[in-house]
Amino acid sequence: MTEKADMEAEMGVLVKKVEAIYDYIKTVYDLATKITEGINQAQFKKKVHCIEAMRSEHSLLVDRIAVLEVKVKPTSKTNFSSWETVSDMVGYIMYTLDKLKKSQETATSQASDSAGQNYGTIKLQALELPGFNGNIGEWTMFHEIFKINIHDRLDIPKAHKLQYLLSKLSGRALSVCAGIPPSEENYDVIWNSLVQKYEDKRNLASYYMDTIYGMKPLRMESSAQLGAFVDRIGSTVAALRALKLDDLGEFILFYLAQMKLDDNSRRLFELSLDPKEIPTFEKLLTFSENQAKLLSRLSHSQNSGSYGKNMLAITEEPPNLHSFHVYEKRNNVCVFCNGS
12 MTEKADMEAE MGVLVKKVEA IYDYIKTVYD LATKITEGIN QAQFKKKVHC
62 IEAMRSEHSL LVDRIAVLEV KVKPTSKTNF SSWETVSDMV GYIMYTLDKL
112 KKSQETATSQ ASDSAGQNYG TIKLQALELP GFNGNIGEWT MFHEIFKINI
162 HDRLDIPKAH KLQYLLSKLS GRALSVCAGI PPSEENYDVI WNSLVQKYED
212 KRNLASYYMD TIYGMKPLRM ESSAQLGAFV DRIGSTVAAL RALKLDDLGE
262 FILFYLAQMK LDDNSRRLFE LSLDPKEIPT FEKLLTFSEN QAKLLSRLSH
312 SQNSGSYGKN MLAITEEPPN LHSFHVYEKR NNVCVFCNGS
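Residue numbering for the sequence shown follows the numbering used here, beginning at 12 and increasing consecutively.
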């Protein structure tokens, strides 16, 4: 096959490809002219994404065909009318796409405004927040409700937040901030002091376990008592799980085991923990083993000291005791005449 024949064959393939691209763009253009129909909008959105790439490829193909045509027939005149037609159709397609996007954005904005207006017309009753007196069992509910409704709101000045916070504190909770001047700039200091003291997973977990462990057995089967049991045990377990401890099972085993220790051993174990550490049964067991060895060594040391003292007392020789008897020889003298 000659070089001319090769170019003619290539040109034929390129022409077919240009025609296919033209037909695709023409189909999308027809959809754009009838975009008011809902079904056309869906089809239009599916086909429009590759329009820019097709226009670029069409332009390259038209240029290549023109070059080949000049080489095959030097006297022929190049015709770019199809390129102009495609450019016009793509321009209208992109214009329609942009118009459709703006229309959808406007509809979304109006829907949001309408929803906002409806939301603004809803009137809620004044929310009465619970107070907090330092009971750690009530901290979680107070913290979450106050944080959502007061602390996190940007439209409430800190002076008002502080006033509302102090009005809800009493007892030990109020004494936490007793030494801090109640000024606007100290609101964060007071709030953080409360959080630091009471937002303690370890104390909360122990409190919930105390609640479960301290529940008295039901004396009789009744709907009221079973209902109370479900409410109390269910809420306590839910609160315990909400703490999301790394290993809740380990903590429960620790709690049950440490209840059997003496007060001094429990105190020493607590001193061995980091302030934020959640204890585990394994750590308690290791501590108890080490403490038992320590007490055993101390006991042997004391016994050895007592044994040494006793042996020293036994092996010492008693001192030599000497008794001196003094005899005085007296002559018999008459007591009357002082004579013999």
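Each residue gets a CB set at the ideal place from its N, CA and C atoms; glycine is no exception.
Within a Cβ cutoff of 6 angstroms, which residues of the same chain sit near residue i, ignoring the five residues on either side of it in sequence?
i, result
"threonine 222", "Thr247"
"lysine 58", "Val39"
DSSP three-state call for residue i: helix, strand or coil?
i, result
"leucine 254", "coil"
"leucine 140", "coil"
"glycine 23", "helix"
"lysine 227", "coil"
"glutamate 14", "helix"
"threonine 86", "coil"
"serine 114", "helix"
"alanine 239", "helix"
"leucine 165", "coil"
Counting only the same chain and skipping the five closest in sequence on each side, list residues whose C-beta sits under 7 angstroms from that of residue i.
i, result
"arginine 277", "Gln269"
"leucine 254", "Lys212, Leu215, Ala216"
"isoleucine 104", "Val39, Tyr40, Ala43, Val59, Ile62"
"proline 193", "Leu173, Leu177"
"isoleucine 147", "Tyr209, Asn214, Leu215, Tyr218"
"alanine 126", "Annotation note: pLDDT 47 at alanine 126 (below 50); position unreliable, coordinate value reported separately. Answer for alanine 126: no residue qualifies."
Checking 9 angstroms against the spacing of the C-beta atoms, do residue i and residue j come in under that value?
i, j, result
"alanine 16", "threonine 107", "no"
"phenylalanine 143", "serine 181", "yes"
"serine 87", "glutamate 80", "yes"
"alanine 250", "leucine 215", "yes"
"isoleucine 167", "isoleucine 159", "no"
"isoleucine 46", "valine 101", "no"
"tyrosine 209", "alanine 184", "yes"
"phenylalanine 298", "serine 283", "yes"
"serine 93", "valine 24", "no"
"proline 228", "lysine 179", "no"
"phenylalanine 280", "leucine 272", "yes"
"valine 187", "glycine 145", "yes"
So if DSSP puts residue i in a beta bridge, which residue, or which two residues, is it bridged to?
i, result
"leucine 180", "Phe143"
Among residues of its own chain, excluding the 5 on either side of residue i, which ones have a beta-carbon nearer than 8 angstroms to its beta-carbon?
i, result
"arginine 10", "Residue numbering for the chain in the displayed model covers 12 to 351; residue 10 lies beyond these limits and cannot be assessed."
"glycine 131", "Caution applies to glycine 131, whose pLDDT of 48 falls short of 50 and renders its modelled position unreliable; the value that the coordinates give is listed next. So the list is empty, once near-sequence residues are dropped."
"valine 83", "Lys15, Met18, Glu19, Met22"
"valine 26", "Ile76"
"leucine 72", "Leu25, Lys28, Val29, Ile32"
"leucine 256", "Lys212, Ala216, Phe262, Ile289"
I need the boundaries of the alpha helix (DSSP H) containing residue i, first residue and last residue.
i, result
"isoleucine 263", "259-269"
"arginine 278", "274-282"
"leucine 72", "62-83"
"lysine 208", "198-209"
"glutamate 288", "Unbroken run through glutamate 288: none, as it is neither H nor E."
"glutamate 155", "150-157"
9 angstroms is my cut-off, CB to CB: does residue i come that close to chain D?
i, result
"lysine 294", "Although the question refers to chain D, the structure presented lacks it and comprises just one protein chain."
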